[in-house]
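**Student:** Pasting a structure below so you can have a look.
Number of protein chains: 2
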Amino acid sequence: MTTKELLQQYEEYKLKISAYSLAMTTMYFDMQTTAPKKSGIYRNPRLAYLEGELFSLTHAQEYFDLLETLSKAEDADELTRKETAAILKDLNKTRNIPKDVYVAYSELALNSENAWEEAYHANDYSIFEPYLKKVIEGKSKLLTYRDDYGTKSNYDLLLDDYEPGMNSEEYDKFFNLIKEELVPLIHKIVKKGKIDDSFLYKHYPREIQAKVMKELMDYLHFDFESGILRESLHPFTSSFSKYDNRITTKYLEDKLDSSIFSVIHESGHATYNAQVSDELAETYFFDNMSMGMHESQSRTFEIYLGKNRAFWEANYPLLQNAYPEQLGDVTLDQFVDAINASTPSLIRTEADELTYPLHILIRYEIEKALFNGEISVEHLDEVWNSKYEEYLGIRPEDDRTGILQDVHWSDGSFGYFPTYALGSAYAAQFIHAMRKDLDIEDCLRNSRFDLIKDWLKEHIHKYGGSNLPKDQIFIATGEPFDPHYYINHLKEKYTRLYHLDKE
Amino acid sequence: MTTKELLQQYEEYKLKISAYSLAMTTMYFDMQTTAPKKSGIYRNPRLAYLEGELFSLTHAQEYFDLLETLSKAEDADELTRKETAAILKDLNKTRNIPKDVYVAYSELALNSENAWEEAYHANDYSIFEPYLKKVIEGKSKLLTYRDDYGTKSNYDLLLDDYEPGMNSEEYDKFFNLIKEELVPLIHKIVKKGKIDDSFLYKHYPREIQAKVMKELMDYLHFDFESGILRESLHPFTSSFSKYDNRITTKYLEDKLDSSIFSVIHESGHATYNAQVSDELAETYFFDNMSMGMHESQSRTFEIYLGKNRAFWEANYPLLQNAYPEQLGDVTLDQFVDAINASTPSLIRTEADELTYPLHILIRYEIEKALFNGEISVEHLDEVWNSKYEEYLGIRPEDDRTGILQDVHWSDGSFGYFPTYALGSAYAAQFIHAMRKDLDIEDCLRNSRFDLIKDWLKEHIHKYGGSNLPKDQIFIATGEPFDPHYYINHLKEKYTRLYHLDKE
Numbered sequence: 475m476t477t478k479e480l481l482q483q484y485e486e487y488k489l490k491i492s493a494y495s496l497a498m499t500t501m502y503f504d505m506q507t508t509a510p511k512k513s514g515i516y517r518n519p520r521l522a523y524l525e526g527e528l529f530s531l532t533h534a535q536e537y538f539d540l541l542e543t544l545s546k547a548e549d550a551d552e553l554t555r556k557e558t559a560a561i562l563k564d565l566n567k568t569r570n571i572p573k574d575v576y577v578a579y580s581e582l583a584l585n586s587e588n589a590w591e592e593a594y595h596a597n598d599y600s601i602f603e604p605y606l607k608k609v610i611e612g613k614s615k616l617l618t619y620r621d622d623y624g625t626k627s628n629y630d631l632l633l634d635d636y637e638p639g640m641n642s643e644e645y646d647k648f649f650n651l652i653k654e655e656l657v658p659l660i661h662k663i664v665k666k667g668k669i670d671d672s673f674l675y676k677h678y679p680r681e682i683q684a685k686v687m688k689e690l691m692d693y694l695h696f697d698f699e700s701g702i703l704r705e706s707l708h709p710f711t712s713s714f715s716k717y718d719n720r721i722t723t724k725y726l727e728d729k730l731d732s733s734i735f736s737v738i739h740e741s742g743h744a745t746y747n748a749q750v751s752d753e754l755a756e757t758y759f760f761d762n763m764s765m766g767m768h769e770s771q772s773r774t775f776e777i778y779l780g781k782n783r784a785f786w787e788a789n790y791p792l793l794q795n796a797y798p799e800q801l802g803d804v805t806l807d808q809f810v811d812a813i814n815a816s817t818p819s820l821i822r823t824e825a826d827e828l829t830y831p832l833h834i835l836i837r838y839e840i841e842k843a844l845f846n847g848e849i850s851v852e853h854l855d856e857v858w859n860s861k862y863e864e865y866l867g868i869r870p871e872d873d874r875t876g877i878l879q880d881v882h883w884s885d886g887s888f889g890y891f892p893t894y895a896l897g898s899a900y901a902a903q904f905i906h907a908m909r910k911d912l913d914i915e916d917c918l919r920n921s922r923f924d925l926i927k928d929w930l931k932e933h934i935h936k937y938g939g940s941n942l943p944k945d946q947i948f949i950a951t952g953e954p955f956d957p958h959y960y961i962n963h964l965k966e967k968y969t970r971l972y973h974l975d976k977e
Numbered sequence: 475m476t477t478k479e480l481l482q483q484y485e486e487y488k489l490k491i492s493a494y495s496l497a498m499t500t501m502y503f504d505m506q507t508t509a510p511k512k513s514g515i516y517r518n519p520r521l522a523y524l525e526g527e528l529f530s531l532t533h534a535q536e537y538f539d540l541l542e543t544l545s546k547a548e549d550a551d552e553l554t555r556k557e558t559a560a561i562l563k564d565l566n567k568t569r570n571i572p573k574d575v576y577v578a579y580s581e582l583a584l585n586s587e588n589a590w591e592e593a594y595h596a597n598d599y600s601i602f603e604p605y606l607k608k609v610i611e612g613k614s615k616l617l618t619y620r621d622d623y624g625t626k627s628n629y630d631l632l633l634d635d636y637e638p639g640m641n642s643e644e645y646d647k648f649f650n651l652i653k654e655e656l657v658p659l660i661h662k663i664v665k666k667g668k669i670d671d672s673f674l675y676k677h678y679p680r681e682i683q684a685k686v687m688k689e690l691m692d693y694l695h696f697d698f699e700s701g702i703l704r705e706s707l708h709p710f711t712s713s714f715s716k717y718d719n720r721i722t723t724k725y726l727e728d729k730l731d732s733s734i735f736s737v738i739h740e741s742g743h744a745t746y747n748a749q750v751s752d753e754l755a756e757t758y759f760f761d762n763m764s765m766g767m768h769e770s771q772s773r774t775f776e777i778y779l780g781k782n783r784a785f786w787e788a789n790y791p792l793l794q795n796a797y798p799e800q801l802g803d804v805t806l807d808q809f810v811d812a813i814n815a816s817t818p819s820l821i822r823t824e825a826d827e828l829t830y831p832l833h834i835l836i837r838y839e840i841e842k843a844l845f846n847g848e849i850s851v852e853h854l855d856e857v858w859n860s861k862y863e864e865y866l867g868i869r870p871e872d873d874r875t876g877i878l879q880d881v882h883w884s885d886g887s888f889g890y891f892p893t894y895a896l897g898s899a900y901a902a903q904f905i906h907a908m909r910k911d912l913d914i915e916d917c918l919r920n921s922r923f924d925l926i927k928d929w930l931k932e933h934i935h936k937y938g939g940s941n942l943p944k945d946q947i948f949i950a951t952g953e954p955f956d957p958h959y960y961i962n963h964l965k966e967k968y969t970r971l972y973h974l975d976k977e
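Keeping their order, the protein sequence lines are chains A and B. All letters in the first sequence, in the order written, are residues 475 to 977 by my numbering. All letters in the second sequence, in the order written, are residues 475 to 977 by my numbering.
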């Protein structure tokens with residue numbers, strides 16, 4: 475076949491694969507936001523079947539051959555060569571898994587997620603425990619089919635999947651820095667006593683919260699013609715395409731800042747995909763950013779912009795108008811201090827910026843120990859609780875505020891959590907670079923979030939996932955990744971907020 | 475192959491076909507309830523691709539052969555024989571259509587729907603007219619590929635597609651009865667003057683409406699573990715499976731009864747599917763009920779139960795609590811009279827129970843004459859307007875409130891409208907049969923809607939679409955279909971409501 479014919483064949487593959495993927499993306503989104511409880515009885519086997527179909531399609535010898543040829547075809551365009559090479563690299567991870575093993579695992583993961591939900595509602599880890607065991611076994615079995623199986627530990631294989639270039643040695647260094655630098659700081663702050671944030675826990679009706687979200691998203695220049703906001707148990711972002719970026723939140727009527735910061739956070743994810751260049755919009759690079767890179771954009775929005783005083787100079791009047799009784803007496807400074815206050819707490823998604831990486835550290839240590847066979851799923855709830863006591867000085871009293879709080883392990887996403895902490899660290903470095911070009915506070919204060927979005931598009935978003943994380947960081951900042959930007963940011967910010975320098 | 479092997483092959487086909495269908499059902503539901511405006515840029519070509527895949531799958535020679543063999547295999551179970559025969563019968567309608575003809579017609583139908591929308595907005599039938607002509611020609615051409623082409627008129631072929639066993643001779647009898655019996659009654663009522671229903675048009679906030687719907691659905695024993703309520707531009711029901719039956723509504727803040735009766739109506743559709751027997755839940759019979767049969771269940775809920783005074787003896791306090799300012803002074807009797815009032819109007823979807831079948835009659839007469847070549851699409855707007863004047867005594871002043879009001883003809887759904895009137899008539903007969911076993915008013919009054927649902931399950935729902943409409947009516951009522959139950963119900967009800975017997 476000529477390259478022209480091969481390219482045509484490749485386009486047909488792309489349409490077919492993207493049609494299957496979109497169908498499944500829609501079904502997963504529906505499952506998490508809309509579908510009634512019992513729907514899984516019928517849906518899950520069919521969704522697993524489609525997963526299998528897509529697996530067959532992307533693991534056909536013909537497709538591999540096509541990718542191999544095109545990735546090296548000198549008369550093919552550069553983007554296609556780069557795209558096919560990237561797909562091939564990722565497919566090599568699953569290339570040798572027998573289809574029945576893959577489908578069985580997919581169905582297990584679905585059932586496990588449903589079991590987690592049941593366990594969560596029943597507040598009972600023992601319902602989830604057998605599924606967690608099976609998912610770990612299943613995930614480990616999948617790894618045995620890889621070409622690189624045995625070249626490093628199973629957990630290192632997983633870490634690299636979510637963040638290319640990372641391994642437990644690198645993460646150990648990163649988390650040790652966090653442990654050494656932040657744990658003492660957190661302890662100092664605990665001794666200092668609490669900043670008053672009691673007004674965040676008044677009654678905030680969900681209908682009003684929903685209206686406030688719409689206005690905040692307008693401030694963020696969220697494009698509602700190419701995106702939506704819905705509700706789900708656990709906030710998330712799902713990018714169906716460049717023209718359809720969806721975020722979810724959940725409304726807590728007794729915690730004002732929960733939905734606000736989850737919406738700002740998820741808007742960061744959605745904006746990343748929405749701003750991928752048109753050239754890459756229908757390529758593999760539209761959605762293959764590393765997890766750490768993606769999290770860096772959500773954390774940029776949530777923490778470095780959303781918790782900035784200047785952000786609230788523009789938006790606090792909106793909140794005071796929406797909740798005159800609850801916030802009428804609260805000054806801007808009181809509000810900004812409250813949303814930045816640090817207090818050790820049990821729920822990761824509600825954690826403040828400073829204690830957040832400790833929540834991740836705990837998950838990292840547990841995952842690593844599980845995969846290295848140092849601990850088992852038995853009594854894992856107690857392991858969890860003890861680590862919270864050790865690092866944060868508080869102990870969960872039940873499973874819902876303990877080990878069952880996150881959905882991630884239920885579908886086998888091990889090695890994913892560490893990227894959450896990494897994302898915050900990348901973001902600190904991006905913000906440092908952005909400051910060289912933009913007066914960030916000026917943009918926030920004057921409702922020119924579009925300028926910030928433009929900077930992110932130009933230096934990060936437009937590339938999609940076409941660069942490795944390390945390369946992308948260098949492109950955007952002119953430096954290699956350096957976690958000290960993150961640590962220094964946290965130390966400076968919290969020293970100032972809690973007046974620790976004045977002691 | 476042995477029958478056992480064939481049955482296994484058949485199970486694989488079923489899983490594959492149902493997986494594709496569910497994926498597309500989810501995508502269409504998402505499109506109508508959730509997806510942002512621009513999402514179609516990426517979704518539509520992929521959805522069309524999946525439609526094509528499903529067409530190829532269900533029109534493969536191997537699949538036809540399998541169905542033929544199994545439908546006659548004496549050692550296959552009876553349900554499989556019956557199911558394969560039913561699928562084959564339906565597939566034979568499209569079996570010989572060349573894929574390019576099918577695709578060309580699909581594209582024509584899409585363009586025609588777009589033209590209808592343009593014409594609707596421009597309020598100008600002439601924009602739609604050429605497309606209507608082409609769609610009728612295209613639909614007629616598709617019929618020429620059928621095995622039964624020429625055995626009866628084209629219009630009769632279409633009527634039978636939507637309601638197996640029906641033809642224009644039967645429909646003529648049915649609509650003549652409606653014309654003779656109801657037109658004089660409607661004229662009498664017009665002379666009597668209007669019942670006051672002005673309070674239905676006060677301001678009813680959508681948030682409160684949404685809460686009321688939830689309570690009404692609880693009263694209807696709607697199973698929220700196997701179903702949901704969402705919003706869409708036009709209310710509809712989508713049955714994903716026995717375990718996932720979804721209804722939608724739209725909230726009009728200046729018309730109280732709109733969402734109430736659309737929710738009760740769609741709950742009737744959803745309950746039909748939710749109560750199909752477990753044995754049939756994953757068969758073709760789960761969802762192949764005739765249009766008339768399905769409409770009979772929604773109309774049973776909406777009209778015969780939902781507009782019953784006893785229904786509101788149980789539920790009117792809920793409305794008065796929800797809307798004390800709007801309904802505090804309105805008595806139960808005033809409310810029940812208002813929701814049952816009859817006034818000739820131009821828009822079918824807003825018509826009352828008594829004038830509704832006349833709207834259908836008009837469409838039936840026009841469709842039949844178009845397909846029999848008695849009239850053409852030229853000046854069809856004037857034909858339409860004259861019929862409204864003749865039957866309802868009012869003449870549309872423009873196309874938007876006249877011939878352009880419904881979307882159905884634009885995509886070629888000819889022969890579908892008549893089932894709307896038929897459904898109401900079936901329902902009257904079902905209610906008559908139900909009264910022999912149940913004190914309906916007692917059930918409604920005492921919030922025992924479960925007893926009504928049980929009766930419907932036992933006599934109708936559990937069978938799904940496994941019986942022909944005529945057989946199903948006999949099973950449920952012990953009699954053949956008799957439209958007099960419907961006519962008599964309307965005559966008695968409206969004679970009483972408008973005190974026509976006291977003249």
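Each residue gets a CB set at the ideal place from its N, CA and C atoms; glycine is no exception.
Can you list the residues of chain A that B:Ser-715 reaches, using a CB-CB cut of under 8 Å?
**Tutor:** Looking up residue 715 of chain B in the second sequence gives position 241. The answer, in chain order, is Ser-513, Ile-515, Tyr-516 and Arg-517.
**Student:** Where in the region 509 to 549 of chain B do unbroken runs of the beta strand (DSSP E), each at least 3 residues long, occur, reported from the N-terminal end onward?
**Tutor:** With a minimum length of 3 residues, no continuous beta strand (DSSP E) run stays inside the region 509 to 549 of chain B.
**Student:** With 9 Å as the threshold, decide whether the Cβ of B:Leu-754 is near any Cβ in chain A.
**Tutor:** Taking the second sequence and counting its residues from 1, the one referred to as residue 754 of chain B is at position 280. Not closer than 9 Å to any Cβ of chain A, the Cβ of B:Leu-754 fails to qualify, so no.
**Student:** First and last residue of the beta strand (DSSP E) that includes B:Ser-712?
**Tutor:** To locate residue 712 of chain B, count along the second sequence from 1; it is residue 238. From DSSP, the beta strand (DSSP E) with B:Ser-712 extends over 711 to 715.
**Student:** Helix, strand or coil, according to DSSP, for B:Arg-569 in the structure here?
**Tutor:** Walking along the second sequence from the start, residue 569 of chain B turns up at place 95. B:Arg-569 falls in the coil class under three-state DSSP.
**Student:** Relative to the C-alpha of B:Tyr-594, which candidate in B:Ser-898, B:Leu-835 and B:Gln-879 has its C-alpha closest?
**Tutor:** The residue you call residue 594 of chain B lines up with position 120 of the second sequence. Nearest of B:Ser-898, B:Leu-835 and B:Gln-879 to B:Tyr-594, Cα basis: B:Gln-879.
**Student:** Assuming A:Leu-632 contacts A:Tyr-645 (C-beta within less than 8 Å), just tell me the rounded distance between them.
**Tutor:** Here the question's residue 632 of chain A lines up with position 158 in the first sequence. Here the question's residue 645 of chain A lines up with position 171 in the first sequence. Actually they are not in contact, since the Cβ atoms of A:Leu-632 and A:Tyr-645 sit about 11 Å apart, beyond 8 Å.
**Student:** Under a Cβ-count criterion, where at least 16 other Cβ atoms within 10 Å of its own Cβ denotes burial, should A:Ile-652 be classed as buried or exposed?
**Tutor:** As a working note, residue 652 of chain A is residue 178 in the first sequence. A:Ile-652 comes out buried.
**Student:** Between the region 681 to 715 of chain A and chain B, which residues of the former have a C-beta closer than 9 Å to a C-beta of the latter?
**Tutor:** Within the region 681 to 715 of chain A, the residues whose Cβ lies closer than 9 Å to some Cβ of chain B are Glu-681, Asp-697, Phe-698, Glu-699, Ser-700, Gly-701, Ile-702, Arg-704, Phe-714 and Ser-715, listed in chain order.
**Student:** Would you mind reading off the limits of the alpha helix (DSSP H) that contains B:Gly-889?
**Tutor:** For the purposes of this step, residue 889 of chain B is taken as residue 415 along the second sequence, with counting starting at 1. Segment: none, B:Gly-889 is in no alpha helix (DSSP H) and carries neither H nor E.
**Student:** Does B:Leu-631 come out as helix, strand or coil in the three-state DSSP assignment?
**Tutor:** As a working mapping, residue 631 of chain B is identified with position 157 in the second sequence. Helix, per DSSP.
**Student:** Does chain A have any CB closer than 9 Å to the CB of B:Phe-529?
**Tutor:** Within the second sequence, residue 529 of chain B is the residue found at index 55, counting from 1. So, not an interface residue.
**Student:** In the DSSP assignment, the alpha helix (DSSP H) including A:Glu-705 goes from what residue to what residue?
**Tutor:** Sequence index remark: in the first sequence, residue 705 of chain A carries index 231 (1-based). Careful: A:Glu-705 lies outside any alpha helix (DSSP H), inside the beta strand (DSSP E) at 701 to 705.
**Student:** Would you verify that the beta carbon of B:Asp-761 is, or is not, closer than 9 Å to some beta carbon of chain A?
**Tutor:** Stepping through the second sequence from its first residue, residue 761 of chain B is reached at position 287. It does not: the Cβ of B:Asp-761 has no partner Cβ on chain A nearer than 9 Å.
**Student:** Which residues in chain A have a C-beta closer than 7 Å to the C-beta of B:Ala-534? List them in chain order.
**Tutor:** Counted from its first residue, the second sequence places residue 534 of chain B at position 60. Per Cβ cutoff of 7 Å: no residues; B:Ala-534 is ~16 Å from chain A at best.
**Student:** Leaving out five residues on either side along the sequence, give the residues of the same chain with a beta carbon under 8 Å from the beta carbon of A:Glu-654.
**Tutor:** Position 180 of the first sequence, counting from 1, holds the residue named residue 654 of chain A. Nothing meets the Cβ criterion.
**Student:** Quick one: give me the first and last residue of the alpha helix (DSSP H) that A:Lys-783 is part of.
**Tutor:** If you number the first sequence from 1, residue 783 of chain A lands on position 309. It is worth fixing the name first, because residue 783 of chain A is Arg in this sequence and not Lys. Looking at the DSSP string, the run of the alpha helix (DSSP H) that includes A:Arg-783 is 783 to 796.
**Student:** Just curious, the alpha helix (DSSP H) that B:Arg-680 is in, first and last residue?
**Tutor:** Numbered from 1 along the second sequence, position 206 holds the residue referred to as residue 680 of chain B. Segment 680 to 693, the alpha helix (DSSP H) holding B:Arg-680.
**Student:** Quick check on DSSP: helix, strand or coil for A:Ile-445?
**Tutor:** The structure shown does not extend to residue 445 of chain A, since chain A is modelled only from 475 to 977, so the question has no answer here.
**Student:** Does the structure place the region 694 to 702 of chain A close enough to the region 920 to 936 of chain A that three or more beta carbon pairs sit under 8 Å?
**Tutor:** They touch, by the three-pair rule.
**Student:** Comparing the C-beta of B:Ser-898 with each C-beta of chain A, is any distance below 9 Å?
**Tutor:** Here residue 898 of chain B corresponds to residue number 424 of the second sequence, with the count starting at 1. No - not a single Cβ of chain A is within 9 Å of the one on B:Ser-898.
**Student:** Please state whether DSSP places B:Lys-676 in a helix, a strand or coil.
**Tutor:** One-based indexing of the second sequence puts residue 676 of chain B at position 202. Residue state, collapsed to three classes: coil.
**Student:** Apply the 10 Å Cβ neighbour rule to B:Gly-867 and answer buried if 16 or more other Cβ atoms are within range, or exposed otherwise.
**Tutor:** Taking the first residue of the second sequence as position 1, residue 867 of chain B is located at position 393. B:Gly-867 should be labelled exposed.
**Student:** DSSP on B:Lys-607, reduced to helix/strand/coil?
**Tutor:** On the second sequence, residue 607 of chain B is found 133 positions in, with the first residue counted as 1. Reduced to three states, the DSSP call for B:Lys-607 is helix.
**Student:** Just tell me which of B:Pro-954, B:Phe-923, B:Asp-945 and B:Asp-872 has its CA closest to the CA of B:Ala-596.
**Tutor:** Translated into positions along the second sequence, residue 596 of chain B becomes position 122. For the residues B:Pro-954, B:Phe-923, B:Asp-945 and B:Asp-872, the minimum Cα distance to B:Ala-596 belongs to B:Asp-872.
**Student:** Count the other C-beta atoms from every protein chain shown that fall within 10 angstroms of the C-beta of B:Met-763, then say buried if there are 16 or more, exposed otherwise.
**Tutor:** Locating residue 763 of chain B in the second sequence gives position 289, where the first residue counts as 1. When all chains shown are included, B:Met-763 counts as buried.
**Student:** Which residue or residues does DSSP assign as beta-bridge partners of A:Lys-626?
**Tutor:** The count along the first sequence starts at 1 and reaches residue 626 of chain A at position 152. Answer is A:Tyr-623, bridged to A:Lys-626.
**Student:** Taking A:Glu-639 as the reference, which of A:Pro-954, A:His-973, A:His-958 and A:Leu-974 has the closest Cα?
**Tutor:** Within the first sequence, numbered from 1, the residue matching residue 639 of chain A stands at position 165. Note on identity: in this sequence residue 639 of chain A is Gly, with Glu being the wrong assignment. Checked all of A:Pro-954, A:His-973, A:His-958 and A:Leu-974; the closest Cα to A:Gly-639 is A:Pro-954.
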